[in-house]
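S.K.: When we follow the working numbering, the leftmost residue of the sequence shown carries the number 9, and every step to the right adds one.
Beta carbons: idealized from backbone N, C-alpha and C, even for Gly.
Structure provided below as structure tokens; questions to follow.
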Amino acid sequence: MAAYRPPVLGAALRRGLGSPRVEHTTVADVAATEYRPARGAGPWPAVLVVPGVTRDGRRHAAFVGIGRALAATGQLAVVVEPEGLAGGELTPRSIEQVRDAAVSTAARPDARGGRVALVGVSGGGSLSLLAAARPELAPRVSAVAALAPCCDVAEAMRVVTTNVVRMNGGLVPFTPGDFFRLAIARSLVACLDPGPDRDALRAHLSALDDYAADPLAGLSAWRRSELGAQAGPLVELLANRDCERFDDLYAALPESLREAVRQLSPTLAAEAISAPVELVVAREDKYIPLEDARSFGRACPTARLTVIESLTHAVPRLALAEARDLVRLDGALVRVLARARAQSYSRP
């Protein structure tokens, strides 16, 4: 939990280990901030960190803290920011950028053993899992830690439009936060082919406040007949509130868009992940139903699922009463770092 920089522990780390060396740079053409230990030239166990959806991106205080804490404890930490992620757009291109940055990081001479651990939060957790499944990266991944990822985008679409989740063969009520509704819509629109429809829809969604109430309501005013063969069916689905219509509306989406949804769903790639996975989620997440993580855990043979009571999404409550949860959260990251150290002594 040193990433949250509590005053006493943070000061002790800085005095004992020195201030990490920090550089804003690019890795495989992806914007990044690099944190190296205060002394030496390495090689060190390498960790690629992927932030969640936040306007501050990799410069958010939490991710600065994570980068500094990892470097202070002897890791090479690279915090990357794929295009569009800060504004809530996750696309197949985002996965490629994380994969490329991870491959590049593992290949560095100061990255021990030619391997890299992946640590992602929320949307960054989804991208970390997806990148770890890519065959060109999988042999180089020492471990993955994903905090509060979304693992099934098709089911997320059902949740954000109709307030129900599929579970045990039936539909169960679940009301997600409006921020998640907007992020899903922005990601789907970003997956459309370039053109006037995508530009207009992106402009509409980008103009909304990130925490606007009922952000999808305005889409009901868009006429499907005035949109093309890709955007029209998507707008109709996003504007729908009838859970009985969802499956038909999803099936009516163009194949290219449904393929993008499949590519963005870690559960569908779970069997291809060979590295150990630490999946940490909230029991009552304000955005994502617990069944999403449980489904991934059933699909991924290397996954260990930790359910935390004190999380509401990706941020724990820092209170004495929640100390046990904080220890369990910290333990998941410690296990990932231990595996990164253990597996980084030999090249794949």
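Just mark residue 250 as buried or exposed, buried being the case when its beta carbon has 16 or more other beta carbons within 10 Å.
M.R.: With fewer than 16 other Cβ atoms within 10 Å, it is exposed.
S.K.: If I follow the unbroken alpha helix (DSSP H) through residue 275, where does it start and stop?
M.R.: Start and end: 274-277.
S.K.: Can you tell me whether residue 328 is buried or exposed, with buried defined as 16 or more other CB within 10 angstroms of its CB?
M.R.: Low local confidence applies: a pLDDT of 48 at residue 328 is under 50, so the model's placement there is unreliable, and no value is given.
S.K.: Quick one, are the C-beta atoms of residue 35 and residue 127 less than 9 angstroms apart?
M.R.: Not closer than 9 angstroms, so no.
S.K.: Alpha carbon to alpha carbon, how far is residue 182 from residue 299?
M.R.: Residue 182 and residue 299: Cα-Cα distance of roughly 11 angstroms.
S.K.: For residue 291 and residue 313, what's the separation of their Cα atoms in angstroms?
M.R.: Each residue's Cα considered, the two are about 11 angstroms apart.
S.K.: When DSSP builds the beta bridges, which residues end up paired with residue 344?
M.R.: Answer is none; residue 344 lacks a bridge partner.
S.K.: Assign residue 219 to one of two classes, buried (16 or more other C-beta atoms within 10 Å of its C-beta) or exposed (fewer than that).
M.R.: When all chains shown are included, residue 219 counts as exposed.
S.K.: Along the chain, where does the beta strand (DSSP E) containing residue 215 start, and where does it finish?
M.R.: Note, residue 215: premise wrong, no beta strand (DSSP E); alpha helix (DSSP H) at 204-215.
S.K.: Could you check where the beta strand (DSSP E) with residue 43 kicks off and where it finishes?
M.R.: Start and end: 38-44.
S.K.: Based on DSSP bridge pairs, tell me the residues matched to residue 34.
M.R.: According to DSSP, which records beta bridges pairwise, residue 34 is partnered with 39.
S.K.: What is the rounded straight-line gap between the Cα of residue 94 and the Cα of residue 277?
M.R.: So the alpha carbons of these two residues sit roughly 24 angstroms apart.
S.K.: Just checking my contact of residue 125 with residue 281 at CB under 8 angstroms: how many whole Å lie between their CB atoms?
M.R.: Actually they are not in contact, since the Cβ atoms of residue 125 and residue 281 sit about 13 angstroms apart, beyond 8 angstroms.
S.K.: Tell me, please, which residues DSSP counts as bridged to residue 181.
M.R.: Answer is 172.
S.K.: Once DSSP output is grouped into helix, strand and coil, what is the label at residue 190?
M.R.: It is helical.
S.K.: Quick check: the Cα distance between residue 285 and residue 301, rounded to an integer number of angstroms?
M.R.: Distance between the alpha carbons of residue 285 and residue 301 is about 12 angstroms.
S.K.: Find out if the Cβ-Cβ distance for the pair residue 98, residue 198 is shorter than 9 angstroms.
M.R.: Contact flag set, yes.
S.K.: Roughly how many whole angstroms lie between the Cα atoms of residue 149 and residue 233?
M.R.: If I take the Cα positions, the gap works out to 47 angstroms.
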